[in-house]
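Peer 1: For the record, the sequence lines run as chains B and A. Here the first sequence stands for residues 8 to 509, where the numbers follow the numbering used here. Here the second sequence stands for residues 8 to 509, where the numbers follow the numbering used here. Where a beta carbon is used, it is the ideal one built from N, C-alpha and C, also for glycine.
2 protein chains.
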Amino acid sequence: MRKLSFLCSILLLTPALSFAGYHQDQFPQPYQAQLIQDFEKLLALPNDLTQPENQKQNAQEIIRLFKQRGIQAQLLLPENDHIPPVVFAEWKVPGATKTLLFYAHYDGVTPNPEKWTVTQPYHPVLLSHSIENGGKPVTAEQQYNPDWRLYARSAADDKAGVMAILGAISALKATSTLPAVNLKFIIEGEEETGSDYLEQVLKANHDLVKSDDWIIIDGGVHASGRKALIFGARGDMYMDLTVYGAKHPLHSGEYSSFAPNPAMRLAKLISSMQDDKGHVLIKGFYAGVEPLGKQELAAIAETPNVDRQLKAQLGFAREETTGKTLAEDNNQPSLIIRGINSGAVGNAAVNLIPSTASASIEMRLVKGNDWQKMADNLMQHIRQQGYVVLDHDPTDTERARYPFIAKITMGTGSYNAERIPVDSPFAKWVIKAVKSASKQPVVIQPTDGGSLPLVAIRNATGAQSMSIGFVNYDNDQHAENENVRLGNFFDGIDTILAIMKR
Amino acid sequence: MRKLSFLCSILLLTPALSFAGYHQDQFPQPYQAQLIQDFEKLLALPNDLTQPENQKQNAQEIIRLFKQRGIQAQLLLPENDHIPPVVFAEWKVPGATKTLLFYAHYDGVTPNPEKWTVTQPYHPVLLSHSIENGGKPVTAEQQYNPDWRLYARSAADDKAGVMAILGAISALKATSTLPAVNLKFIIEGEEETGSDYLEQVLKANHDLVKSDDWIIIDGGVHASGRKALIFGARGDMYMDLTVYGAKHPLHSGEYSSFAPNPAMRLAKLISSMQDDKGHVLIKGFYAGVEPLGKQELAAIAETPNVDRQLKAQLGFAREETTGKTLAEDNNQPSLIIRGINSGAVGNAAVNLIPSTASASIEMRLVKGNDWQKMADNLMQHIRQQGYVVLDHDPTDTERARYPFIAKITMGTGSYNAERIPVDSPFAKWVIKAVKSASKQPVVIQPTDGGSLPLVAIRNATGAQSMSIGFVNYDNDQHAENENVRLGNFFDGIDTILAIMKR
């Protein structure tokens, strides 16, 4: 299927080329070269979500790439001019009655450059395979190969999505083919921070962005290698938790038999939130979850069980799960400790009792969870452990009064989950289109493990949305050495084309 | 007493000065000026224990300060020339039969400059009071005041000790007074890392350093403000603990209902080591502790209970203790989490499940504890929580085999505790000498909460040792804004003089 899929891409991009004697490892180089070159140029633009000025350059470059393909594009600016703009583009098709909006995002998670091994986050490099499989740098003179991997921040999440949309447009333009529907495009720059301003921008440009349905191009194939059609995404809730010892770090000898150690206290507090098997112990955590329908349960039952393979690949012997399989568990909320910090470790450690200990806490939420209620439940849990919960560092009076003090700072970017039925007309239409372009079965996922601002889209436009995952699942998005496998990238273009042309 | 003590210092340093009409807030400036100037110059030399080259400059400066006072001094070099040298000095007294060795150290804990508020660690500054009490910078033109504080790394721990010894020598020289005993001096540069090479250097220079007894000048007064005579110090044990999740950080949405989170695992593992009241749950932790004698128990009973005052000052409402008072608890071993780290917190946090979580673990040990046995007990405890304990990062095979993996890396600088009976002849002699110079009662501590390389001293030289604490107890040693109160500093000189002259 992968071979055919590539063939299809090339055929569309290079109609004059003969494919007699085509082999998977011999792609006619020049025809994908321009697209990969554009991709690398976009990846070279830093898109760190904490650097809005840099992100704006990404938006400008994407405008240029749309215009280069003959598509009108413009920036939609949030009221706050420090916020990265939204790229909007449109391809009106004479006679078409339906309008489909494709969404992707250009912002990327802040990288930790020290941990990248083959290259730096904004210096894209092509390897012959994944790093784990001994990939070596390859040069543009060589023929592209589906197993090649492009390494850079956002190579997968989600400049792969941006470039796959642009690649599909190129393919249509190259063959002078018109889409079957009107196309609109939204490429935003704030997805990784929770799309706080997206709803505002969409509302402010209501008529411009009006569409029947949205298709999100963001995410990976199922770990079985099958294309994933995803009809919901989990919501997200963030908070920072700090607990306190003495006002200042204390000599670890003089006070260790006396002063409370906040690192120990944080450990106990966090431990109280989850059992050894991964079941969350916060009261009400699983309450209110909207049950899956018959069709959704059937889709999960049909999803290949890749848990054993995943454990081997990810490097752990025992999963922590509340249900039976990862596919099933993604339809339950989860609690994530994104980080803990107190004092110092390793060579940086000194003989001190730390004065504070902090944790970054996230929850992934499913349909039926309200993020504010979930945050309240967690605060109530902390109180039940004997803590007073403050929203500020304790005063001297509070220190003297309360034996256990926790500070909670709510994060930004929290939102609820969204899901459409897999047997809704829009879902059935997309499934049919994608299946027509795929020889292998596709995986139907009621809920993705990750989060997307589907609620903001529905609130602002009333449109339904779903998402398509096509990048390799081992893309290490958000982490060091993020990458996209070229075979998956071109396959994604095929999938988008199938939908655009249906 | 503090007033008299200051008067005494000045009297010795300036025999020609009349003290009629003397007031505590009007010190004749020039007479302490030189000593404080020398002190500030020494504090301006970086002495970060991780920078041996910088530390050597401290040793050279201390040699100069001894020679300036007419005392012969030399460097004793460890075999490893990256290790800071030991300063040795000697004052032979005609006719004296007993030899007393005074010990201090010039190395300091690595500072965290970002956290210092009034000055930088190696830019000493004099304030009119403590920062907490609204201290403002004072100039050398003003009269010294006992409440003034000198802020810099090692202002208390332990360049105050070094300078108090040098101040006492100045006082004797200024009055042409001979000590009653032969004096030797050891100022080492490796105390904060566990004095790993001290024993070797002492053995290599056995005849040179030979003395009847050692007096350690390092540490603070009791929190009641009374001078502390301390006849033992706790031992120390260090290890780093790391637990593992997946091989790489994972997307927190895609894998949070599946992959183990090492931050949560570390929290559970650490939590299992101690109960909510501070009692350590590691099997054998309190076994083997050598019981205190009748005299030691009596000394503890006489120690003022400052726990309530300390809690108010340090800023917490409930102590964590295994016994009744801090004074009593310092005679029990303690477990310290010096730091925990996994992923990132606050604004640096990203939507990832961390791949590892680490803790820096310390134990303060008492007489009867063997540090290696205590480390073994902790490793056994970790195994009892279901972990395999490795001394290396897990291989793929180990990851696939063991559901719970911990790596233990033993730290350097671990050693056992030491204590001499408070009714031994040496102890009784020191107590008498110091009491003769103090109008207030002194506190007799069987064991200090902190650690000193007393075992290395006994192993290498056979000498007994005790220590005297005179710096203000709120000196923030090891932490940011370390400081010494000048009143305490000059009082320390008096105490040393009383011993030297007895």
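One question on the structure: do A/Ala356 and B/Arg160 come within less than 8 angstroms of each other, judged by their Cβ atoms?
Peer 2: Taking 8 angstroms as the Cβ cut-off, A/Ala356 and B/Arg160 do not qualify as a contacting pair.
Peer 1: Hey, does A/Asn423 have any beta-carbon neighbour from chain B nearer than 8 angstroms?
Peer 2: No, its Cβ sits nowhere closer than 8 angstroms to a Cβ of chain B.
Peer 1: Say whether chain A places a C-beta atom closer than 8 angstroms to the C-beta of B/Asp165.
Peer 2: No, B/Asp165 lies away from the interface with chain A (no Cβ there is under 8 angstroms from its Cβ).
Peer 1: Enumerate in chain order the residues of its own chain whose CB-to-CB distance from B/Thr419 is below 8 angstroms, with the five nearest sequence positions on each side excluded.
Peer 2: Closer than 8 angstroms at the Cβ level, and outside the excluded window around B/Thr419, lie Thr200, Gly201, Asp203 and Tyr245.
Peer 1: Give me the residue from B/Phe95, B/Gln75 and B/Ser443 with the minimum Cα distance to B/Ser177.
Peer 2: Minimum Cα distance to B/Ser177 is reached at B/Gln75.
Peer 1: Applying the criterion that 16 or more other CB atoms from any shown protein chain within 10 Å of the CB defines a buried residue, is A/Arg241 buried or exposed?
Peer 2: Burial call: buried.
Peer 1: For B/Ala505, does the count of other Cβ atoms within 10 angstroms reach 16, so buried, or fall short, so exposed?
Peer 2: Classification for B/Ala505: buried.
Peer 1: With a threshold of 8 angstroms on Cβ separation, who are the neighbours of A/Val449 within its own chain once the five nearest residues in sequence on each side are excluded?
Peer 2: Within the same chain, A/Val449 has close Cβ partners Arg233, Lys234, Ala235, Leu236, Ile438, Val441 and Lys442.
Peer 1: Which class does B/Glu425 belong to by DSSP, given the choice of helix, strand or coil?
Peer 2: The answer is strand: DSSP assigns B/Glu425 an E or B state.
Peer 1: Closer than 8 angstroms, Cβ to any Cβ of chain B: which residues of the region 334-354 of chain A, in chain order?
Peer 2: Under the 8 angstroms Cβ criterion, the region 334-354 of chain A contributes Asp336, Asn337, Gln339, Ser341, Leu342, Ile343, Ile344, Arg345, Gly346, Ile347, Asn348, Ser349, Gly350, Ala351, Val352, Gly353 and Asn354.
Peer 1: Name the DSSP beta bridge partners of A/Ala366, please?
Peer 2: According to DSSP, which records beta bridges pairwise, A/Ala366 is partnered with A/Leu248 and A/Ile347.
Peer 1: Kindly provide the ranges of any beta strand (DSSP E) runs that are 3 or more residues long and lie completely inside the region 88-119 of chain A, ordered along the chain.
Peer 2: DSSP runs (the beta strand (DSSP E)) wholly in the region 88-119 of chain A: 93-98 and 106-112.
Peer 1: What does A/Met417 pair with, by DSSP beta-bridge criteria?
Peer 2: Its beta-bridge partners are A/Met246.
Peer 1: Indicate whether at least one CB of chain A lies closer than 8 angstroms to the CB of B/Tyr394.
Peer 2: No, no contact with chain A.
Peer 1: Consider the Cβ of B/Gln281: report whether some Cβ of chain A lies at a distance smaller than 8 angstroms.
Peer 2: B/Gln281 counts as touching chain A.
Peer 1: To which residues of the same chain is B/Gln79 closer than 7 angstroms at the C-beta, ignoring the five residues directly before and after it?
Peer 2: Taken in chain order, the residues that qualify are Ala96 and Glu97.
Peer 1: Starting from A/Ser458, follow the beta strand (DSSP E) in both directions and report where the run begins and ends.
Peer 2: That run of the beta strand (DSSP E) goes Asp455 to Ser458.
Peer 1: Output the distance between the C-alpha atoms of B/Asp283 and B/Arg325, rounded to the nearest integer angstrom.
Peer 2: The straight-line gap from Cα to Cα measures roughly 11 angstroms.
Peer 1: For B/Asn354, count the other beta carbons within 10 Å of its own beta carbon; 16 or more makes it buried, fewer makes it exposed. Which is it?
Peer 2: B/Asn354 is exposed by the Cβ-count criterion.
Peer 1: At the 8 angstroms Cβ level, is B/Ser278 part of the contact set with chain A, yes or no?
Peer 2: Judged by the 8 angstroms Cβ criterion, B/Ser278 is in contact with chain A.
Peer 1: Taking Cβ-Cβ distances shorter than 7 angstroms, what residues in chain B pair up with A/Val132?
Peer 2: Going along chain B, no residue has its Cβ under 7 angstroms from A/Val132, so there is no contact; the nearest lies around 18 angstroms.
Peer 1: Going by DSSP in three states, B/Asp400 sits in which element: helix, strand or coil?
Peer 2: Three-state result, B/Asp400: coil.
Peer 1: Taking A/Lys492 and A/Asp154 to be in contact with their CB atoms under 8 angstroms, please state how far apart those CB atoms are, rounded to whole angstroms.
Peer 2: Rather than Lys, the amino acid found at residue 492 of chain A in this sequence is Arg. The pair is a contact, with the Cβ atoms about 7 angstroms apart (cut-off 8 angstroms).
Peer 1: Quick one: is B/Tyr262 near chain A, going by C-beta distance under 8 angstroms?
Peer 2: Yes, contact with chain A.
Peer 1: Kindly indicate which residue of A/Thr468, A/Asp483, A/Val478 and A/Lys254 has the alpha-carbon position closest to the one of A/Phe497.
Peer 2: It is A/Val478.
Peer 1: By a C-beta neighbour count over all protein chains shown, 10 Å radius and 16 as the cutoff for buried, is A/Lys374 buried or exposed?
Peer 2: The residue is buried, with at least 16 neighbouring Cβ atoms inside 10 Å.
Peer 1: Does any C-beta atom of chain A lie closer than 8 angstroms to the C-beta of B/Met271?
Peer 2: It does; some Cβ of chain A falls within 8 angstroms.
Peer 1: Provide the residue span of the beta strand (DSSP E) that contains A/Leu157, from first to last.
Peer 2: Residues Arg156 to Tyr158.
Peer 1: Tell me which residue opens and which closes the beta strand (DSSP E) that B/Gln150 is part of.
Peer 2: Neither: B/Gln150 is in no beta strand (DSSP E) and is coded neither H nor E.
Peer 1: By how many angstroms is the C-alpha of B/Pro128 removed from the C-alpha of B/Gln39?
Peer 2: Between B/Gln39 and B/Pro128, the C-alpha separation is close to 23 angstroms.
Peer 1: Under 8 angstroms between C-beta atoms, does B/Gln316 make it to chain A?
Peer 2: By this cut-off, B/Gln316 is not an interface position.
Peer 1: Compute the Euclidean distance between the alpha carbons of B/Ile277 and A/Pro256, then round it to the nearest angstrom.
Peer 2: B/Ile277 and A/Pro256: Cα-Cα distance of roughly 19 angstroms.
Peer 1: Keeping to the same chain, check which residues put their C-beta closer than 8 angstroms to that of A/His286; ignore five residues upstream and five downstream.
Peer 2: Excluding residues within five positions, the ones whose Cβ falls inside 8 angstroms are Thr329.
Peer 1: Taking only runs that begin and end inside the region 264-325 of chain A, name each unbroken beta strand (DSSP E) of 3 or more residues, in chain order.
Peer 2: Runs of the beta strand (DSSP E) inside the region 264-325 of chain A: none found.
Peer 1: Would the beta-carbon of B/Val250 fall within 8 angstroms of that of B/Ile412?
Peer 2: Contact: yes.
Peer 1: Are B/Gly295 and B/Asp455 close, meaning C-beta to C-beta below 8 angstroms?
Peer 2: No, Cβ-Cβ distance for B/Gly295 and B/Asp455 is not below 8 angstroms.
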